Amino acid sequence: MKMFKKEVFLVVLFLSLILLPSAFGLSLSGAKLGTVIYEPGKVIRNSYTITDTSLPVDISVSAAGLSDFIRIEKQDRYHFDLVLEFPDLLVEEGTYIVGISAQEIAPEGAAGINSLLSVSKMFQVEVYSREKNIGVSFNAPQTNEQEPIKFELDVQSRTYQDIDSIAAEITIYDSYDQEVGRIATAEKPLKALSTERLSASYDSKDMPPANYWAQAKVRYDGQVKILNDSFKIGTMDIALINHTSILNRGFSEFIVLVENSWGNEIPGVYAKLFIDGTEVLQTPSIDLSPWSTGELKGIVKLDIPPGTYPSIIKIFLSGEEKEFPVFLTVTDEVLPEIQEARAEVSQKNQVIIILSSILIVILIIGIIIFWKGRSRNDYGG
Amino acid sequence: MTKFSNAAIVSFLVIALVITLASLVMNMSQLDYVQSMITGAATNTSVGTATLTVTSATAVTLQVSSIAFGSGFVNTTNAACTYCRTSTESGHASGNESCCSRFNNVTAGFLVENTGNENVTLNVTCSGSCTAATFINGTSPLFQFKIVNSSDGASTGKTSNNSRDSTTDTTSSCSSGDGGWNYSSYTTMAASTFDLCGTNGSTEYYFGAQPTRNAMIMDILVQIPSDAITGSAKTATLTFAAASSG
Chain A
2 MKMFKKEVFL VVLFLSLILL PSAFGLSLSG AKLGTVIYEP GKVIRNSYTI TDTSLPVDIS
62 VSAAGLSDFI RIEKQDRYHF DLVLEFPDLL VEEGTYIVGI SAQEIAPEGA AGINSLLSVS
122 KMFQVEVYSR EKNIGVSFNA PQTNEQEPIK FELDVQSRTY QDIDSIAAEI TIYDSYDQEV
182 GRIATAEKPL KALSTERLSA SYDSKDMPPA NYWAQAKVRY DGQVKILNDS FKIGTMDIAL
242 INHTSILNRG FSEFIVLVEN SWGNEIPGVY AKLFIDGTEV LQTPSIDLSP WSTGELKGIV
302 KLDIPPGTYP SIIKIFLSGE EKEFPVFLTV TDEVLPEIQE ARAEVSQKNQ VIIILSSILI
362 VILIIGIIIF WKGRSRNDYG G
Chain B
52 MTKFSNAAIV SFLVIALVIT LASLVMNMSQ LDYVQSMITG AATNTSVGTA TLTVTSATAV
112 TLQVSSIAFG SGFVNTTNAA CTYCRTSTES GHASGNESCC SRFNNVTAGF LVENTGNENV
172 TLNVTCSGSC TAATFINGTS PLFQFKIVNS SDGASTGKTS NNSRDSTTDT TSSCSSGDGG
232 WNYSSYTTMA ASTFDLCGTN GSTEYYFGAQ PTRNAMIMDI LVQIPSDAIT GSAKTATLTF
292 AAASSG
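Here it is as structure tokens:
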């Protein structure tokens, strides 16, 4: 009888756990609209699904300024379509925010502090200008020396009128703002709401590797937009950006941060460190992606007295080498980051030891219980 | 040590099997909406076209739908009891336990999770009896709320209800970069809208959707004075509203 009661209790507990009420939720799913460009006469239909709730839901749409052209068509209790039906006449230029909301409706007779959920999706409708207008992005790319610079401008129509002509004139300046040269793109027409690319290629043979910037004047039917962008003329070279300047006696890590000044990958880059004329480190090699930075690092062992030493960092790339004279300080003090790292390792070791001990104790107890039970069974049997 | 008979073990297994099968059938029947969200099935046998559409889901989940402090009274037989103060953060106030006669000792606040795949703004609107005077009445009643990160419980162990977070949060779930959740200390409830994370109607979608940073807890504190007028139970309805880009 006692055993039966225990079984009933366990079954009830089991069922209670299984049948515990799940979370209360509300979800509104549908394809993302993002930014909708207003086009006269255009119709957009987007479907939405409401899930996760057991309560009735109120669906609403807010669209100040556009409410006459946006409606909801319910399919069933939890499915509906949002329909945007733009008229042939233009509405006022600007950005309109549209929101679709699903909100739970409270059941009757609830007392206390209750909760409901509401979820919304917001997107914007862009109504472009009646006047001629464009949006432009300008790209002056990083280029290797002796290679042509390919300037590109993406011009997007932001008007409901065709533009007869778009063209750009690009002026190149060096880092001292001295004009280096000019180039013009071809002229093109731009249809309403469409996008065109303007491009021009400039011969960089007289431009030494350095930093430059360019200014693009984009003309469209008598109007102008001006944009700037900076770029580099690169050469197969490595620049030393930073390096470890203080080293501990004994073992410590030495890091050299280098930059690829070239528009192609440079494979097999490594560094050697010489302190007071003696080679103390050669780092493993790395491949540097175009225009990227990378770390060359290794562990150095120093047995020299504390002090400041004239040193040389040699960077090796594609059969060439570059020397950078530097001064390094050797110290006896343990650096704070090393102290932290040691403390962290020590803490981790303690945790591992404690966990291992607990496991061993549990194992021993388990084995003892198993053997005791077995010998009792043997004795009983 | 009590031993189960073979028959009992078999009966447990049969019950477990039946529940598993029933759960399977129920879950499969609830999954029809998934078909409209992600489809990878070929449309016919002669042309192997597969389509994949990932929809944008704006979703929030509540682990607790209501907080019922229940019916009770302030134990005025103890002269020191002028009120009963209780909160979902820590239950009946320390030292005030004996004053809260028969009120439920609730220790689970509203745990709100962003369970969609979009970051959202989150606000809460109270309707009904939203002031202490209307919800409780009497002399110096309190009806307050505060917001805490679900992840705070991991370090302090004080956050109520965070154990029900579906994936334990490890980071602040409102990454506004300007202090995270608003109302992080107890604030008087009102029949109003409170922007909890990001501003309502803006594009400040700061309440994250990543499982380890997608939950917050609203704790409720009430103080019932000894002279609170007895009467019918009052209702305050809190509507948590999440909005995403869509």
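So the protein sequences, as listed, match chains A and B. Whatever position you read off the first sequence (first residue = 1), add 1 for the working numbering. Whatever position you read off the second sequence (first residue = 1), add 51 for the working numbering. The beta-carbon is built from N, C-alpha and C at its ideal position, and this holds for glycine as well. Keep in mind that this is a model prediction, so the values were computed, not measured.
>> For A/I227 and A/N265, what's the separation of their Cα atoms in angstroms?
In response: Residue mapping note: residue 227 of chain A aligns to position 226 of the first sequence, counting from 1. Residue mapping note: residue 265 of chain A aligns to position 264 of the first sequence, counting from 1. Approximately 31 Å between the Cα atoms of the pair.
> At least one CB of chain B closer than 7 Å to the CB of A/V84: is that the case?
Replying inline: Walking along the first sequence from the start, residue 84 of chain A turns up at place 83. Not closer than 7 Å to any Cβ of chain B, the Cβ of A/V84 fails to qualify, so no.
> A/G367 by DSSP, collapsed to three states: which one?
Replying inline: The residue you call residue 367 of chain A lines up with position 366 of the first sequence. The answer is helix: DSSP assigns A/G367 an H, G or I state.
> Can you name the start and end residues of the alpha helix (DSSP H) that B/F186 belongs to?
Replying inline: Against the second sequence, residue 186 of chain B aligns to sequence position 135. Element bounds for B/F186: 183-186.
> Which whole runs of the beta strand (DSSP E) in the region 100-150 of chain A are 3 residues long or more, in chain order?
Replying inline: 113-128, 135-140
>> I want to verify the contact list: residues of chain C whose CB lies under 7 Å from the CB of B/I280, in sequence order.
In response: The structure shown contains no chain C; the protein chains it does contain are A and B.
> Hey, which unbroken runs of the alpha helix (DSSP H) at 4 residues or more fall wholly within the region 126-212 of chain B?
Replying inline: 183-186, 203-207
> If you drop the 5 nearest sequence neighbours on each side, which residues of the same chain put their C-beta closer than 8 Å to that of A/I363?
Replying inline: On the first sequence, residue 363 of chain A is found 362 positions in, with the first residue counted as 1. There are no such residues.
> So which residues of chain B does A/K75 contact, with C-beta pairs closer than 8 Å?
Replying inline: By one-based count along the first sequence, residue 75 of chain A stands at place 74. None at all; the shortest Cβ gap to chain B is about 16 Å.
> Does the distance from the C-beta atom of B/G160 to that of B/A108 stay below 7 Å?
Replying inline: Here residue 160 of chain B refers to the residue found at position 109 when the second sequence is read from its first residue. Here residue 108 of chain B refers to the residue found at position 57 when the second sequence is read from its first residue. The answer is no: Cβ separation not under 7 Å.
> What residues in the region 41-61 of chain A have a beta carbon less than 7 Å from any beta carbon of chain B?
Replying inline: T50, T52, D53
> Applying the criterion that 16 or more other CB atoms from any shown protein chain within 10 Å of the CB defines a buried residue, is A/G251 buried or exposed?
Replying inline: Taking the first sequence and counting its residues from 1, one reaches residue 251 of chain A at position 250. Exposed: under 16 other Cβ atoms inside 10 Å.
> Within 10 angstroms of its Cβ, does A/K133 collect 16 or more other Cβ (buried), or is it exposed?
Replying inline: As a position in the first sequence, residue 133 of chain A is number 132, starting the count at 1. A/K133 should be labelled buried.
> Helix, strand or coil: how does DSSP classify A/N47 here?
Replying inline: For the purposes of this step, residue 47 of chain A is identified with residue 46 of the first sequence, where counting begins at 1. A/N47 sits in a strand when the DSSP states are folded into three classes.
> Helix, strand or coil for B/A294 per DSSP?
Replying inline: Counted from its first residue, the second sequence places residue 294 of chain B at position 243. Residue state, collapsed to three classes: strand.
>> At the level of alpha carbons, what is the spacing between B/Y134 and B/N213?
In response: Within the second sequence, residue 134 of chain B is the residue found at index 83, counting from 1. Within the second sequence, residue 213 of chain B is the residue found at index 162, counting from 1. Cα-Cα distance, rounded: 28 Å.
>> Can you confirm whether the region 163-171 of chain A touches the region 182-190 of chain A when touching is taken to mean that 3 or more C-beta pairs between the two stretches lie within less than 8 Å?
In response: yes
>> Distance cutoff 7 Å, beta carbons only. Does A/G367 sit that close to anything in chain B?
In response: Position 366 of the first sequence, counted from the first residue, corresponds to residue 367 of chain A. No, its Cβ sits nowhere closer than 7 Å to a Cβ of chain B.
>> Would A/I95 pass as an interface residue toward chain B - the criterion being a Cβ-Cβ separation below 7 Å?
In response: Within the first sequence, residue 95 of chain A is the residue found at index 94, counting from 1. For the sequence presented, residue 95 of chain A should be read as Gly rather than Ile. No, its Cβ sits nowhere closer than 7 Å to a Cβ of chain B.
> Buried or exposed: which applies to B/G39, given that a residue is buried once 16 or more other Cβ atoms fall within 10 Å of its Cβ?
Replying inline: The requested residue 39 of chain B is not part of the displayed model; chain B covers only 52 to 297.
> Whose Cβ in chain A lies nearer than 7 Å to the Cβ of B/I40?
Replying inline: With chain B covering only 52 through 297, there is no way to say anything about residue 40 of chain B.
>> Just to make sure I have the definition right: I need the residues of chain A whose C-beta is within less than 8 Å of the C-beta of B/F291. Which are they?
In response: As a first step, residue 291 of chain B is located in the second sequence; it is residue number 240 there, counting from the start. Under a criterion of Cβ atoms nearer than 8 Å, the residues of chain A adjacent to B/F291 are, in order, S116, L117, L118, S119.
>> So that I know if they touch, is there some Cβ in chain A lying closer than 7 Å to that of B/V61?
In response: As a working note, residue 61 of chain B is residue 10 in the second sequence. Not one chain A Cβ lies under 7 Å of B/V61.
> Given a threshold of 16 other Cβ atoms within 10 Å of its Cβ, counted over all protein chains shown, does B/I271 qualify as buried or as exposed?
Replying inline: Position 220 of the second sequence holds residue 271 of chain B. Classification of B/I271: buried, given that the 10 Å Cβ count is 16 or more.
>> So if I threshold CB-CB distances at 7 Å, which residues from the region 149-178 of chain B count as touching chain A?
In response: F161, T166, G167
> So, is A/V120 buried or exposed, given that buried needs 16 or more other C-beta atoms within 10 angstroms?
Replying inline: Sequence index remark: in the first sequence, residue 120 of chain A carries index 119 (1-based). By the neighbour-count criterion, in which 16 or more other beta carbons inside 10 Å mark a residue as buried, A/V120 falls on the buried side.
> How is the beta strand (DSSP E) around A/W214 delimited, first residue to last?
Replying inline: Numbered from 1 along the first sequence, position 213 holds the residue referred to as residue 214 of chain A. Its beta strand (DSSP E) spans residues 211-221.
> What's the C-alpha gap between B/T190 and B/T182?
Replying inline: On the second sequence, position 139 is the one that residue 190 of chain B refers to. On the second sequence, position 131 is the one that residue 182 of chain B refers to. Their Cα atoms are separated by approximately 13 Å.
> For B/N233, does the count of other Cβ atoms within 10 angstroms reach 16, so buried, or fall short, so exposed?
Replying inline: Locating residue 233 of chain B in the second sequence gives position 182, where the first residue counts as 1. Buried, because 16 or more other Cβ atoms sit within 10 Å of the Cβ of B/N233.
>> Just to make sure I have the definition right: I need the residues of chain B whose C-beta is within less than 8 Å of the C-beta of A/G31. Which are they?
In response: Stepping through the first sequence from its first residue, residue 31 of chain A is reached at position 30. Within 8 Å Cβ-Cβ: T106, S107, G297.
> Residues in its own chain within less than 7 Å of B/V273 by CB, not counting five upstream and five downstream?
Replying inline: Your numbering for residue 273 of chain B matches position 222 in the second sequence. Closer than 7 Å at the Cβ level, and outside the excluded window around B/V273, lie F120, T137, I187, L193, F194.
> Taking all protein chains shown into account, do 16 or more other C-beta atoms lie within 10 angstroms of the C-beta of A/Y177, making it buried, or fewer, making it exposed?
Replying inline: Along the first sequence, one-based indexing puts residue 177 of chain A at 176. Answer is exposed; the Cβ neighbour count stays below 16.
>> Judging by CA-CA distance, which residue of B/T250, B/S217, B/G123, B/A293 is the nearest neighbour of B/C263?
In response: Your numbering for residue 263 of chain B matches position 212 in the second sequence. According to the sequence shown, residue 263 of chain B is Thr rather than Cys. Of the candidates B/T250, B/S217, B/G123, B/A293, the residue whose Cα lies closest to the Cα of B/T263 is B/S217.
> Just to confirm, are B/G142 and B/A287 a CB contact at a threshold of 7 Å?
Replying inline: Here the question's residue 142 of chain B lines up with position 91 in the second sequence. Here the question's residue 287 of chain B lines up with position 236 in the second sequence. One thing to note: B/G142 has its Cβ no nearer than 7 Å to the Cβ of B/A287.
> According to the neighbour-count rule (16 or more other Cβ atoms, all chains shown, within 10 Å of its Cβ), is B/T94 buried or exposed?
Replying inline: The residue given as residue 94 of chain B occupies position 43 in the second sequence. The predicted position of B/T94 is uncertain, since its pLDDT is 45 and thus under 50; a value taken from the coordinates is nonetheless stated next. Exposed, by the Cβ-count rule.
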